[in-house]
Amino acid sequence: MPIDIYSFNLSQFCRSVLMTAKHLNIDLNVIEVNPGPEQWSPEFLKVNPNHNLPTINDNGFVLVESRAIMQYLCNQYAPNSSLYPKEPKARAQVDRWLSFDVTLNGSIANAVMRKPFTGVDPLPERVIAFKNNMKLLDESIGDNHYLTGNEHLTIADLAVLSTTAIFLNLGTDLSEYPNFKRWLTTLSQELPYFADINLKNFSPEKLQEWAKSSQKYINRKLNSW
Ligand SMILES: N[C@@H](CCC(=O)N[C@@H](CS)C(=O)NCC(=O)O)C(=O)O
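So my numbering is basically just the index in the sequence shown, starting at one, shifted up by 6.
Structure (structure tokens):
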């Protein structure tokens with residue numbers, strides 16, 4: 007039986023899981039849940055009382071949190087895959103980037119998404135934090151092909167790619183971050199499933215729709231933006 011995934015196609019958290027499954031040839035049954043009322047439907051709340059996406063149900067095993075789901079898919083279905091290496095130091099490098107991705111997501115929300123989602127300009131200190139994170143990312147990538155070096159694509163790449171695909175969708179100027187720009191451009195063209203999962207469903211109108219339908223959620227978070 008395929009794994010059920012409750013997913014919303016604009017969500018970076020959902021897209022990182024979709025890419026992982028695609029890369030590992032894992033069969034997913036995608037149940038599209040639109041943010042807003044559908045997230046609070048009794049059917050979905052029964053599966054995930056916290057109503058956040060993505061959620062998977064692997065034949066009775068329910069798991070939330072995108073990075074934990076990516077790790078689970080590798081551990082359960084592809085334990086020998088270089089996508090999530092077993093060797094402790096190599097794995098620690100992947101985990102390091104997965105943790106950094108949490109910070110990066112927050113600073114993109116604060117500095118880049120605040121205006122399109124709320125109409126309010128980002129706070130100057132949040133923009134500085136965002137630029138610092140991008141600088142760190144750019145310097146760490148250096149000449150590497152992948153986040154962890156030149157050898158293998160890992161779930162760290164897939165997480166940060168899904169987080170930063172928004173720059174391609176918005177046409178963000180990345181000239182301040184040339185190594186990052188090269189990494190994003192190269193991998194987005196190299197991975198055969200990237201465009202389908204990350205670019206196909208995006209439009210500024212859909213972003214606006216999402217912003218409107220998520221107002222309840224946004225209001226809850228606005229103070230932290
Ligand atoms: N840390 C979570 C974040 C998930 C998340 O915030 N999902 C959003 C969609 S992008 C959501 O479901 N928000 C609505 C809510 O939490 O009720 C992950 O990585 O999966």
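C-beta: ideal position from N, C-alpha, C; glycine also.
Every value quoted in this text rests on a predicted model; they were computed, and no experiment measured them.
Buried or exposed (CB count within 10 angstroms, at least 16 for buried), residue i
| i | result |
| --- | --- |
| Ile134 | exposed |
| Trp46 | exposed |
| Leu228 | Note that Leu228 scores a pLDDT of 49, beneath 50, so its modelled location is shaky; the value from the coordinates is reported in the next line. When all chains shown are included, Leu228 counts as exposed. |
| Asn138 | exposed |
Within-9 Å CB hit, residue i to chain D
| i | result |
| --- | --- |
| Phe106 | Of the protein chains in the structure, only one exists, and it is not chain D. |
Supposed close pair residue i, residue j - CB separation, criterion 8 Å
| i | j | result |
| --- | --- | --- |
| Thr26 | Leu159 | Between Leu159 and Thr26 the Cβ distance is about 11 Å, and since that is not below 8 Å, they are no contact. |
| Ser168 | Ser22 | 4 Å |
| Asn58 | Val70 | 6 Å |
| Ile161 | Leu89 | 6 Å |
| Phe123 | Ala201 | Phe123 to Ala201, Cβ: 24 Å. No contact. |
Span of the alpha helix (DSSP H), counted from its first residue to its last, around residue i
| i | result |
| --- | --- |
| Leu166 | Rather than Leu, the amino acid found at residue 166 in this sequence is Val. 161 to 176 is the extent of the alpha helix (DSSP H) around Val166. |
| Phe136 | 130 to 147 |
| Val23 | 18 to 29 |
Whether residue i touches residue j by CB criterion (9 Å)
| i | j | result |
| --- | --- | --- |
| Thr191 | Ile114 | no |
| Gln18 | Asn116 | no |
| Gly155 | Gln99 | yes |
| Ser219 | Asn40 | yes |
| Phe126 | Arg120 | Looking at the sequence provided, one finds Val at residue 126 rather than Phe. It is a contact, given that the beta carbons lie within the stated cut-off. |
Range of the contiguous beta strand (DSSP E) that encloses residue i
| i | result |
| --- | --- |
| Asp64 | 61 to 64 |
| Asp10 | 9 to 13 |
| Glu38 | 34 to 38 |
| Leu79 | No beta strand (DSSP E) contains Leu79, which is instead part of the alpha helix (DSSP H) from 72 to 83. |
Is there contact here, the region 165 to 184 with the region 201 to 211, by at least three beta-carbon pairs under 8 Å?
yes
Is it a yes or a no for the region 74 to 84 touching the region 27 to 43, going by three-plus beta-carbon pairs under 8 Å?
yes
Take every Cβ of the region 104 to 121, pair it with every Cβ of the region 137 to 146, and state whether three or more of those distances are shorter than 8 Å.
yes
Given 8 Å as the limit, is there contact between the region 181 to 191 and the region 147 to 155, that is, 3 or more CB pairs closer than that?
yes
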